[in-house]
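K.L.:
This structure is in structure tokens; I'll ask about it shortly.
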Amino acid sequence: KNNLGSMRMIIESMLEKPENKDNKYLQLIYDQLVASVAIPERLLKLARNNAETPEVFDVKNAIEEVVSLLDYEAKRNGVSVRCDFANTDANIMGNQSDFKMILLNLAQNAIKSMQSGGELTFTADKDRNYTIVEVKDTGVGIDEEKINHIFEPFYSGGQSNRLSGTGLGLAIVKSLVDKYKGIISVSSVLNEGTTFSLKLPRAKK
2 KNNLGSMRMI IESMLEKPEN KDNKYLQLIY DQLVASVAIP ERLLKLARNN AETPEVFDVK
62 NAIEEVVSLL DYEAKRNGVS VRCDFANTDA NIMGNQSDFK MILLNLAQNA IKSMQSGGEL
122 TFTADKDRNY TIVEVKDTGV GIDEEKINHI FEPFYSGGQS NRLSGTGLGL AIVKSLVDKY
182 KGIISVSSVL NEGTTFSLKL PRAKK
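Numbering (the working numbering), first residue to last: 2 to 206.
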């Protein structure tokens, strides 16, 4: 975190020079640094299991903010992103930063799985007790024998693209969903795509 903070200050000083022709790219770097600094902060809170006061937030607005963050990465990988929201209010009782972290993790994994381009879709709906959010891609999919292990810490499954990396991402996603007494499930077909479904408690009126 300290190293990232030092880099952030350097980029800030460069952005203050209007004559710099690379400001567009520096701004992209800066935005990613800001996001990266926030990750260890969230992990520290998760590790300490701090009690946080839940808040009510609009899930559609939160998804749209995540989509805007993904714009550059998606376009660079030839992935189109769309939202399909039911014509209804969809509020969640929880922590908005946690919710965005969940969606970013799922979405970045999805983009990684679509090496030749594809479509990433966010849907939001509700039932009597839950707000239901789905993150669907048209990527490589996940083997049936591995799908039951993807939420285990450090599990990468030896599968290219989708499950590569430290193996911590989906374990953190699962812990955040559990924290707010939600449910996460996944369905996948090899070479056709994967859908993650989130059911999070609706805010009480």
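Virtual Cβ for every residue (Gly too), placed ideally from N, Cα, C.
1. Quick one: Cα of Asn162 to Cα of Leu104, how far?
2. What do you get for Val190, buried or exposed, if any count of 16 or more other CB atoms within 10 angstroms of its CB means buried?
3. Measuring CB atoms only, is the stretch 191–201 touching the stretch 138–148, in the sense that at least three cross pairs come out at less than 8 Å?
4. How is the beta strand (DSSP E) around Phe152 delimited, first residue to last?
5. May I ask you to report which of helix, strand or coil DSSP gives Arg9?
6. On the CB-based measure, 16 or more other CB atoms within 10 Å of its CB, does Leu199 come out buried or exposed?
7. At what residues does the alpha helix (DSSP H) containing Ala253 begin and finish?
8. Which one or two residues does DSSP pair with Lys200 in a beta bridge?
9. Would you identify the three-state DSSP class for Asn78, choosing helix, strand or coil?
10. If you pair each beta-carbon of the stretch 3–10 with each one of the stretch 34–42, do three or more pairs fall below 8 Å?
11. Taking Ala125 and Phe100 to be in contact with their CB atoms under 8 Å, please state how far apart those CB atoms are, rounded to whole angstroms.
12. In this structure, does DSSP put Glu65 in helix, strand or coil?
P.N.:
Once the coordinates are examined:
1. Low local confidence applies: a pLDDT of 48 at Asn162 is under 50, so the model's placement there is unreliable, with the coordinate-based value given in what follows. Their Cα atoms are separated by approximately 18 Å.
2. That one is exposed.
3. yes
4. Per DSSP, Phe152 belongs to no beta strand (DSSP E) and is neither H nor E.
5. Here Arg9 sits in helix by DSSP.
6. buried
7. The shown model of the chain, from 2 to 206, leaves out residue 253, and the question about it has no answer.
8. BP columns for Lys200 point to Ile133 and Ile184.
9. Three-state result, Asn78: coil.
10. yes
11. Incorrect: roughly 11 Å between the Cβ atoms, too far for contact.
12. helix
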